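Protein chains in written order, with the working numbering: chain A, 400 to 1185; chain B, 11 to 296. First up is the structure itself, then whatever we jot down about it.
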């Protein structure tokens, strides 16, 4: 063992993986199989997007539960305390009206899932279908059906949030402009598509009166509180456990109606009931994402400086609100962060949430930022082409260089490397060489292009950031409880709830450095409300920043206690004690005492502790930061087949700055996964419904995630700008890949097709859409050879 | 997404399989790899009461040379075995290049040639190949036996063939292609391994620079695989030039009547027909 080894910054292999790659990970479905006598649930769902329930008929004696079976259950309703917000209530099971396809109406239980599906088929739900409204723009028409009839909609039909912001001089900026660039950006509907769909096992223990919900979930404590509130029971009667979770990406953050129904059913029947969602249910009725439209106008001077930005944003949030963050997260984030890393003083925005007869929306990796980044980056490229400027130069001219910077909305941006990442991407691509190759290709009738995307990723939002949205339930802080047992091993109990990110490994590295132990002597306990401190789980790229910060603070406290005991033992001053290599030593000497020896004293010989120290080695700390921005530049190189509209991704370059990287391999993994989902967003995945609201993409034959065949090698370069916005120096990095990739890809396609004057502003840019743009631009095209 | 209840049988002989089909008629489905049937059962789109699994029936897994120079492909020959076939000449290379496009590797390991034909997905590669080459499909029941040309085997309705409920597709004969025959296969799908949006299989016999016999089959543009007969007529007797290919591709685009779905409108498919026919013919004439 080398002295003073630092674990932070090393690409340690993840402690989580040996079990996972050997098939020993225990997921919800495994837990369901472990309980003897587990019943399996299936939900009876609405086949139509809108209608009135006339009756629900089940075979006599069949175990079918409806809203009536759960008399007294409250609706789910999360609120924002703002005058421009209309709260939407969600019943646990629909009882009078159905408002989206797949809405749960009844729950059946049987000895197996197959039998439950047999039974569900025999339940007859008589629904008088009514005319649905599916499109957000159409829904605001006063003549359109009202999704929540009887609810007061003072801001317009089906408008449930209408937020506005404007600076004084916006109109003047547009009057001064040399060029006004207008764009319509459309991001279609997606599903976050975790490889494991949702699922839960509710086990009621009649002996204790407690119910344990083992669930694929990102926020176990929040889920416990929500279940208690909705079911009107004491929170102590509930325990929520999250075992291994097979991806979540936001889809397992919000409280599902199905989990509430499952707990209610388990308590009603005194049974253990599992519901393992299948892929079709997941695509139909889990949570959807995106479905935004932006109308954007940018005012530029002839040098390409952005003088003003005017935006009208509409988010189709579906039939209900999610819980607890509400549908407001989409339009409000878009409004607050649209200008991104570009210096801007004049900004006007209107951002609306519109309810429709579509599946409700929940956050998905990046939330609004993949779309707002697409909007800004398309604006920059379109402006550059209009003004005959280089896309790199227009960005260099406008990117923020001096920190701290405040966006027009007042949002503070801490130091980052916006220009530096762009420059590094230009170098990594050999942009000059690429432009030569592009010209040669053009001479051969081929269409190759490059696209850039520069963005900031706001991460580590603490309570103040969420409070700015006026959330009734305000997440933000994280607590870490740290203890050293008598053998000198460290246990961290955290409120964050990692589900594949490798946080246990990264936290172990961080704690190892603070405490002078090896990471393998640190274990992290998470995902069990009975054994972890109350916290907000893992979402919004927060865990390394916030739980990491709390871990560092807790470690400092524990280290101080260890130093004090050591100093007492060694008759030295605590300031002179260093914790390293598993020992506490007097600096500059070889005099020391091992940490297990100190731990023994603290636990087993507490009479030897310096007064007034209490026995044991147990501390706790909480961290609640304001938030920080990580940043990156993505660059994509594509070749477009003009005859089919197919886009081939040749290269994908990422220059990422996530501050201090505790484990660079994990950071890189996050970027790879995020970029892949961004490519999915840009080119492949789209939930399509027909005019009657039927989902046409209810399986993976039709909803198309890219595979290893479609995703190129992702080339990542790391920069590290350390700021004091995060006490560890780490910035979040979970979402950046998904945020930047769509804009880079669509800019690259537009660059490739620039000889035809084509700008691609709609995603996914499917082959059919791209080919249609080419045919419109080149009506005489014959197709055929390339 | 669990199948409705069903009975499972694993016969050890063709006769046993045919007897089960005779006994259960409409209630039974043949399981021949299960790469389409099993998902359809999980979605409860297919609900056979009885599955007759031919995975253990001997002899149906052979590729046999037949006179004069053709081959007979047993019903349960795997896609992968065809992709890596040792059949000589242009026929072998067309089968290999077509096989590469069938699904993903795991699908090609389990899925079968006969299963694909009997399933009759309108965008399936093997169905188009069988159609292009006028394959002869051998069908047997407990009491009879017949050979049906591919043109009659596929009905122009998706997933529909002339197979009777008690019949088993036991093998398919593909005719010899002359050594000078040029072959081509072009497909467009959203992702590698997906069912085609449009695909074209071609085989072109030439006498010097003159085209003497052209076959073009298309997938993804109708209820079943179709021959582009007008395009073939444009080619036959014409010179092997880019202009002839362009005219044939235009004729093919003109003669199809595709229906649209979420992956491509009718218009987009028609547009792709021209491109895929061009590319397949370019290969055949290269």
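Quick reminder that beta carbons are idealized off the backbone N, C-alpha and C, glycines included. Everything numeric in this text was worked out from a predicted model, so none of it was measured.
Just so you know, the alpha carbons of residue 518(A) and residue 618(A) end up roughly 32 Å apart.
In summary, the residues of the stretch 513-529 of chain A whose CB is separated from some CB of chain B by less than 9 Å are 513, 514, 515, 516, 517, 520, in the order they occur in the chain.
A straight line joining the alpha-carbon of residue 161(B) with that of residue 688(A) spans about 46 Å.
Listed along the chain, the chain B residues whose CB falls inside 8 Å of the CB of residue 679(A) are 11, 53.
At a cut-off of 8 Å between beta-carbon atoms, residue 1109(A) makes contact with chain B.
Excluding its 5 nearest sequence neighbours in each direction, residue 112(B) has C-beta neighbours in its own chain below 6 Å: 89, 118, 135, listed in chain order. Rounded to whole angstroms, the Cβ separation of residue 728(A) and residue 558(A) is 17 Å, and the two are not in contact under 8 Å.
The CB of residue 1043(A) comes closer than 8 Å to the CB of 198, 282, 285 in chain B, given here in chain order. Straight-line spacing of the CA atoms in residue 711(A) and residue 734(A) works out to 9 Å. A straight-line Cα-Cα distance of about 18 Å links residue 950(A) and residue 898(A). Runs of the alpha helix (DSSP H) lying entirely within the stretch 1034-1113 of chain A, each at least 4 residues long, are 1063-1078 in chain order. In the three-state DSSP reduction, residue 700(A) falls in the coil class, being neither helix nor strand.
Note that the stretch 899-908 of chain A does not touch the stretch 968-976 of chain A; fewer than 3 beta-carbon pairs, one per stretch, sit closer than 8 Å. Only buried fits residue 876(A), as 16 or more other CB atoms lie within 10 angstroms of its CB. In this structure residue 148(B) does not touch residue 193(B) by the C-beta definition: roughly 24 Å separates them, more than the 8 Å allowed.
A straight-line Cα-Cα distance of about 27 Å links residue 254(B) and residue 1167(A). For the stretch 668-718 of chain A, the full-length beta strand (DSSP E) segments reaching 3 residues or more read 671-675, 688-699, 705-717 along the chain. For residue 1013(A), the secondary structure class from DSSP, reduced to helix, strand or coil, is coil. For the options 1073(A), 1126(A), 474(A), the alpha carbon positioned closest to that of residue 628(A) is the one of 474(A).
DSSP places residue 1027(A) in the strand class (E or B) of the three-state scheme. Contact between residue 1110(A) and residue 1078(A) holds, with the beta-carbon distance rounding to 6 Å and staying under 8 Å. In this structure, residue 1001(A) places its C-beta atom within 8 Å of the C-beta atom of residue 1015(A). By the criterion of a C-beta distance shorter than 8 Å, residue 39(B) is surrounded in its chain by 47, 56, 58, 60, 61, 62, once the five residues flanking it on both sides are discounted. Counting along the chain, residue 579(A) sits inside the beta strand (DSSP E) bounded by residues 578-589.
Following the DSSP letters along the chain, one finds residue 880(A) inside the beta strand (DSSP E) bounded by residues 877-883. For residue 416(A), the closest C-alpha among the options 760(A), 535(A), 499(A), 643(A) is that of 643(A). For residue 254(B), the secondary structure class from DSSP, reduced to helix, strand or coil, is helix.
Contact between the stretch 1027-1035 of chain A and the stretch 822-830 of chain A is present, with at least three C-beta pairs closer than 8 Å. About 7 Å separates the beta carbon of residue 228(B) from that of residue 138(B), a gap short enough to meet the 8 Å contact definition.
Interface annotation, residue 1083(A): in contact with chain B, CB-CB separation under 8 Å. Nearest to residue 736(A) by C-alpha distance, out of 1164(A), 668(A), 868(A), 671(A), is 868(A). Counting along the chain, the unbroken alpha helix (DSSP H) around residue 967(A) starts and ends at 947-969. Interface annotation, residue 233(B): not in contact with chain A, CB-CB separation never under 8 Å. Nearest to residue 509(A) by alpha-carbon distance, out of 795(A), 466(A), 405(A), 671(A), is 671(A). Unbroken alpha helix (DSSP H) stretches of 4 residues or longer found wholly inside the stretch 134-160 of chain B: 135-142, given in chain order. For chain B, the residues of the stretch 1134-1167 of chain A that bring a beta carbon within less than 8 Å of one of its beta carbons are 1165, 1166, 1167, in chain order.
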